[in-house]
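A.B. asks:
Residue numbers (this note's numbering): 1180 to 1749.
#1: Sorted by chain position, which residues of the same chain lie with C-beta nearer than 7 angstroms to residue 1333's C-beta, five sequence neighbours on each side aside?
#2: Taking 8 angstroms as the limit between beta carbons, can you name the residues of its chain near residue 1190, skipping five residues before and five after?
#3: Identify whether residue 1619 lies in helix, strand or coil by the three-state DSSP scheme.
#4: Below 7 angstroms between beta carbons: does that hold for residue 1378 and residue 1440?
#5: Just the C-alpha distance for residue 1211 and residue 1548, rounded to the nearest angstrom, thanks.
#6: Which whole-angstrom value is the C-beta distance of residue 1478 and residue 1412, which I expect to be below 8 angstroms?
#7: By how many angstroms is the C-alpha of residue 1321 removed from the C-alpha of residue 1681?
#8: State yes or no: is the C-beta of residue 1588 within less than 7 angstroms of the C-beta of residue 1620?
#9: Are residue 1654 and residue 1528 closer than 7 angstroms when you measure CB to CB?
#10: In the DSSP assignment, find the beta strand (DSSP E) that holds residue 1754 and state where it starts and stops.
#11: Taking only the alpha-carbon atoms, compute the straight-line gap between residue 1564 and residue 1221 and give it to the nearest angstrom.
#12: How should residue 1543 be labelled, buried or exposed, when 16 other C-beta atoms within 10 angstroms of its C-beta is the threshold for buried?
#13: Report the three-state DSSP secondary structure of residue 1613 (helix, strand or coil).
#14: For residue 1353, does the three-state DSSP call read helix, strand or coil?
#15: When the Cβ atoms of the region 1376-1391 are set against those of the region 1424-1432, are three or more pairs found closer than 8 angstroms?
#16: Can you tell me whether residue 1521 is buried or exposed? The criterion is at least 16 other CB atoms within 10 Å of its CB, across all chains shown.
#17: Can you find a heavy atom of the ligand HEM that lies under 6 angstroms from the Cβ of residue 1370?
#18: Report the rounded CA-to-CA distance for residue 1292 versus residue 1299, giving the unit in angstroms.
#19: Could you tell me which of 1197, 1297, 1626, 1612 sits nearest to residue 1319, measuring between CA atoms?
#20: Measuring CA to CA, which of 1496, 1617, 1671 is closest to residue 1315?
#21: Rounded to a whole number of angstroms, what is the C-alpha to C-alpha distance between residue 1474 and residue 1404?
#22: Rounded to the nearest angstrom, what separates residue 1659 and residue 1679 at their Cα positions?
#23: Report, in whole angstroms, the separation of the C-beta atoms of residue 1148 and residue 1243, which I expect to be a contact under 8 angstroms.
#24: Looking at residue 1203: is its Cβ nearer than 7 angstroms to the Cβ of residue 1592?
#25: With residue 1605 as the anchor, note down where its alpha helix (DSSP H) starts and where it stops.
#26: Comparing the C-beta of residue 1194 with each C-beta of chain C, is any distance below 7 angstroms?
#27: Would you report the Cα separation of residue 1603 and residue 1668, rounded to the nearest angstrom?
#28: Which value, in whole angstroms, describes the spacing of the CA atoms of residue 1330 and residue 1213?
#29: Is residue 1537 helix, strand or coil by DSSP?
#30: Tell me whether the beta-carbon of residue 1647 lies closer than 7 angstroms to the beta-carbon of residue 1690.
#31: Cutting at 6 angstroms between CB atoms, please list the residues of its own chain near residue 1305, excluding the five before and the five after it.
#32: When you compare only the Cα positions, how much space is there between residue 1372 and residue 1226?
#33: Could you pull the start and end residues of the beta strand (DSSP E) that residue 1660 belongs to?
#34: Can you have a look at residue 1418 and say buried or exposed, based on whether 16 or more other CB atoms are within 10 angstroms of its CB?
#35: Let's test the definition: count the other Cβ atoms within 10 Å of the Cβ of residue 1571 and tell me whether it reaches 16, buried, or not, exposed.
#36: On the DSSP letters alone, give me the boundaries of the beta strand (DSSP E) that residue 1580 sits inside.
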């Protein structure tokens, strides 16, 4: 067998293994979301992931490859030193090898920058259709522009800037290595093709700088002005017009650099670039300092008064919820919270901090998890889990694969646009344990609002959206959203929820409220963590004993629970 055939065989086997692994992970993920009734969310996630990753990878690879091709045309041929006996000579690198090296380098650049691409969550959030029905007073954009679109645009800008800088550095380095760009006799020497290529890249960098000035103008509203203390009259009357003028000047500079360098007028290009840099420094540093020094404290206070009032109004609307309190819309708010340290019984599939995967073969329980199935389905689950014991005939096809058992992780996967409160509540409906997790909407880019630190993060927007209820025995998750819905929650409902799912969640919430009210374990009775832990243990012990047919153990647990609750009521 020749080396080429061996290499082709190894590559083919690796492609089959990696491709099969990728397909199995995709199928396993789809099955999990499907079992939880979240097919629409999985479709959105898959579509946006493919859209972002494929588009970004292909564009970066083609952009890099095009620039490398221009480098190849500019330098003509590339020679490498060779030695034969005592004779040294230069050998031209074959064009096929150069093309292969260019393709490999382009793919490497695209792969290296893939981590900077926006996440699927950012894309899906921008497409959610959020409408605050309120505009900022300066740009007249709906507030959803700042909350949903601006973070995505900032991520795309960062990726584009990194791509152009990376390609420019590679191209410059190649020109230096191939002597297309060199320092000779105290001057920089470069050919016409090299000069034109670098001029176009410089113009692109200047256009990206123009993009950054657009984002800086919006961030004056979202980041508290030029000094972070709040949007003031200096930002409105001086910084915004200055950034607009800077953007126009930078576009003109980019055009000037491209034309003058193309025609060989390098001095004009350098002067234009230096002027653009000086103008940027003047706008960001000197202008606000000069305006501040020209005003007396009394004049500054008078000028800033309307902006302070506007900021106060936006802050009041941005923070409609105290994170340490529950909304009156939530009927479960009166029941005390519990930490993740509360133990769970053997029948609890989902609990705070739970890890690992469980295989459950119980046809009497509607577990929210994909079944093993047979054929391709079973192979895909085994391959995704890298556990080929799942292929054993001893496992029934109806066996459920329960993974993502941590309450927070499960809720976060199903409701990715919401923040989960730091505390969870154990609630019972009959002998079934539920975990209650409050859901909130937060943002770092809501405009004209003061920043507040909530759970270790400084945010400009924070509102309660509802409650996630997780059945600990089946793993099914319900979202009882507050009425009227918060704007982000309203967008979520329109895209991913339906009337049936909302009604079911409300019914579960209502049943839990009635059940736990009858137990009489709210308020002070539930304030003791040890009491809550004992209640959970007794309930789980009763359920496991009943499932095993051990009536004696069931009776002991039942009597113990009754005695415990009776003492608390007294």
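By construction, the Cβ of each residue, glycine as well, lies at the ideal position given by its N, Cα and C atoms. Model, not experiment: these values are computed from the prediction.
C.D. replies: So, from the listed chains and residues:
#1: 1394
#2: none
#3: It is a strand residue.
#4: yes
#5: 6 angstroms
#6: Wrong, their Cβ atoms sit about 10 angstroms apart, outside the cutoff.
#7: 27 angstroms
#8: no
#9: For residue 1654 and residue 1528, yes; Cβs fall inside 7 angstroms.
#10: In the structure as shown, the chain starts at 1180 and stops at 1749, and residue 1754 therefore has no counterpart that could be examined.
#11: Taking the straight line from one Cα to the other gives about 19 angstroms.
#12: So residue 1543 ends up on the exposed side.
#13: Note: residue 1613 maps to strand in three-state DSSP.
#14: helix
#15: yes
#16: Low confidence applies to residue 1521: its pLDDT is 45, below 50, so where it sits in the model is not reliable, and the reading given next is rough at best. Result: buried.
#17: Among the components of this structure there are no ligands whatsoever, and the ligand HEM is therefore not found.
#18: 16 angstroms
#19: The shortest C-alpha to C-alpha distance from residue 1319 to any of 1197, 1297, 1626, 1612 is the one to 1626.
#20: Nearest Cα to residue 1315 within the set 1496, 1617, 1671: 1496.
#21: 18 angstroms
#22: So the two alpha carbons sit approximately 12 angstroms from each other.
#23: The chain is shown only over 1180 to 1749; residue 1148 falls outside these bounds and no answer can be derived.
#24: No, Cβ-Cβ distance for residue 1203 and residue 1592 is not below 7 angstroms.
#25: No alpha helix (DSSP H) contains residue 1605, which is instead part of the beta strand (DSSP E) from 1604-1608.
#26: Checking the listed chains, one finds no chain C in this structure; it contains a single protein chain.
#27: Taking the CA atoms as reference points, residue 1603 sits about 20 angstroms from residue 1668.
#28: Approximately 29 angstroms between the Cα atoms of the pair.
#29: strand
#30: The answer is no: Cβ separation not under 7 angstroms.
#31: 1327, 1328, 1331
#32: 41 angstroms
#33: For residue 1660, the uninterrupted beta strand (DSSP E) segment begins and ends at 1656-1660.
#34: buried
#35: exposed
#36: That run of the beta strand (DSSP E) goes 1579-1581.
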